[in-house]
Structure formats: structure tokens, C-alpha cells
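Notes follow once the structure below has been shown.
Residue numbers (my numbering): 3 to 188.
Okay, structure coming up:
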């Protein structure tokens with residue numbers, strides 16, 4: 003009888019409220035439970051990327067084979083998103099901030115990232131950032147109803163931040179592949 007090897011996968015808990023000192027948040031982003039194949043076409047990213055909006059960005063490239071202009075915009079967004087996630091997480095980690103329960107900074111950060119993700123057509127990221135903006139303003143996810151409990155808003159922001167980072171990692175992996183870059187070269 004041949005020897006057998008057993009492999010055990012252990013998932014570590016994901017914590018949102020950790021202070022960060024680096025601009026990259028990859029190590030703190032939730033890891034997918036299963037390794038999914040990264041889609042190859044924009045059409046396969048429907049629901050995460052608005053194809054029409056993203057194609058408008060691609061039309062700005064001088065050369066379809068080069069794509070330097072659009073790549074610069076997209077990779078600039080990666081830096082912006084990651085530093086914004088760090089700022090959001092730092093706000094959660096700061097206990098004085100949590101006691102004060104002033105969510106306006108988180109609302110502003112959500113608004114900031116919503117705009118740049120909308121420009122690229124990153125719909126899931128944009129939608130989640132809009133929710134963070136509303137929650138930070140003391141509203142429900144649509145922004146139409148007041149939420150009197152700041153603790154409820156803070157909890158919703160924390161949950162949405164976890165989700166938006168997962169959505170971001172999905173579109174980042176696709177776009178890095180799209181531009182011929184692997185994630186490790188980031």
C-alpha cells in the first residue's frame with residue numbers, strides 16, 4: 003500500500019479593526035475560501051465592472067496594443083483604493099474614534115472612493131462605497147432614511163468594508179490579468 007499525504011487547510015479569522023502601517027492591504031484582505039479562476043473577458047465581469055464605462059476608459063488609449071494610458075488610471079486607482087481602505091481600518095482601530103462615534107470621516111472616505119470607482123465602472127466597489135458614505139452620514143444604505151443609532155451605522159460600515167475589500171480584490175485580480183500583470187508583481 004502506497005503512503006498517503008493529508009493536507010489540512012486552516013482559515014485564519016479576518017479582522018477589520020487592525021492598525022496598519024503599510025499602504026498595501028493585501029495581507030489584511032479576506033482570502034477567498036476557494037481559488038476561483040480569474041475571468042478573461044470584461045463580459046465575464048458583468049455585475050462587477052460596467053463594460054460600457056470601462057470601454058470608455060480604454061478608448062482614451064493611443065494604441066490598443068499598448069494601453070499605457072488606461073493602465074495608468076487603473077493602477078492609480080489600486081493605490082488610491084488600498085490607501086483609502088487603510089484609512090478606514092485605522093479609524094476602526096482608533097478607540098477614541100469609536101468612542102466619539104463621529105462617522106463623518108468614514109462617510110467622506112466612502113464618497114471619495116465611490117467617485118473614482120464609478121469613473122472606472124467598478125460597480126460593486128462603487129455601490130459598497132456609496133453605502134459606507136450613507137452609513138457614515140447616519141442614513142440607511144439608500145441614504146433616504148435616518149439611522150439614529152451610531153453603533154448600528156458603525157457595524158454596517160464594518161460589514162460593508164469587509165465586503166468591498168473582497169469585491170475590490172476580485173476586480174483588481176481581473177484587471178491585473180487584463181493588463182498582463184500578475185498580482186505578485188504589484
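No residue lacks a Cβ here, since even glycine has one placed at the ideal position from N, Cα and C.
For clarity, every value in this text was computed on a predicted model and none was experimentally measured.
Note down the Cα distance separating residue i from residue j, rounded to an integer number of angstroms.
| i | j | result |
| --- | --- | --- |
| residue 139 | residue 164 | 19 Å |
| residue 150 | residue 109 | 15 Å |
| residue 184 | residue 175 | 8 Å |
| residue 128 | residue 96 | 25 Å |
| residue 168 | residue 107 | 22 Å |
| residue 24 | residue 92 | Because residue 24 sits at a pLDDT of 47, beneath the cut-off of 50, its placement in the model cannot be relied upon, and the following sentence gives the value as read from the coordinates. If I take the Cα positions, the gap works out to 11 Å. |
| residue 133 | residue 177 | 24 Å |
| residue 135 | residue 114 | 9 Å |
| residue 47 | residue 66 | 20 Å |
| residue 159 | residue 38 | 27 Å |
| residue 68 | residue 156 | 43 Å |
| residue 61 | residue 55 | 10 Å |
| residue 22 | residue 173 | Annotation note: pLDDT 46 at residue 22 (below 50); position unreliable, coordinate value reported separately. So the two alpha carbons sit approximately 23 Å from each other. |
| residue 145 | residue 74 | 33 Å |
| residue 90 | residue 143 | 18 Å |
Compute the distance between the beta-carbons of residue i and residue j, then report whether it is under 8 Å.
| i | j | result |
| --- | --- | --- |
| residue 147 | residue 153 | no |
| residue 83 | residue 170 | yes |
| residue 40 | residue 179 | yes |
| residue 105 | residue 137 | yes |
| residue 63 | residue 70 | yes |
| residue 76 | residue 131 | no |
| residue 49 | residue 125 | yes |
| residue 2 | residue 79 | It is not possible to answer for residue 2, since the shown part of the chain is limited to 3 through 188. |
| residue 42 | residue 59 | no |
| residue 57 | residue 45 | no |
Return the bridge partner residues of residue i from the DSSP annotation.
| i | result |
| --- | --- |
| residue 141 | 148 |
Where do the N-terminal and C-terminal ends of the alpha helix (DSSP H) with residue i fall, by residue?
| i | result |
| --- | --- |
| residue 114 | 106-122 |
| residue 48 | Premise fails: residue 48 is in no alpha helix (DSSP H) and is neither H nor E. |
| residue 59 | 53-60 |
| residue 81 | 70-95 |
Quick check: does the Cβ of residue i come within less than 7 Å of any heavy atom belonging to the ligand SAM?
| i | result |
| --- | --- |
| residue 125 | No copy of the ligand SAM appears in this structure; indeed no ligand is present at all. |
Counting beta carbon pairs with one atom in the segment 105-119 and one in the segment 80-95, are three or more of them shorter than 8 Å?
yes
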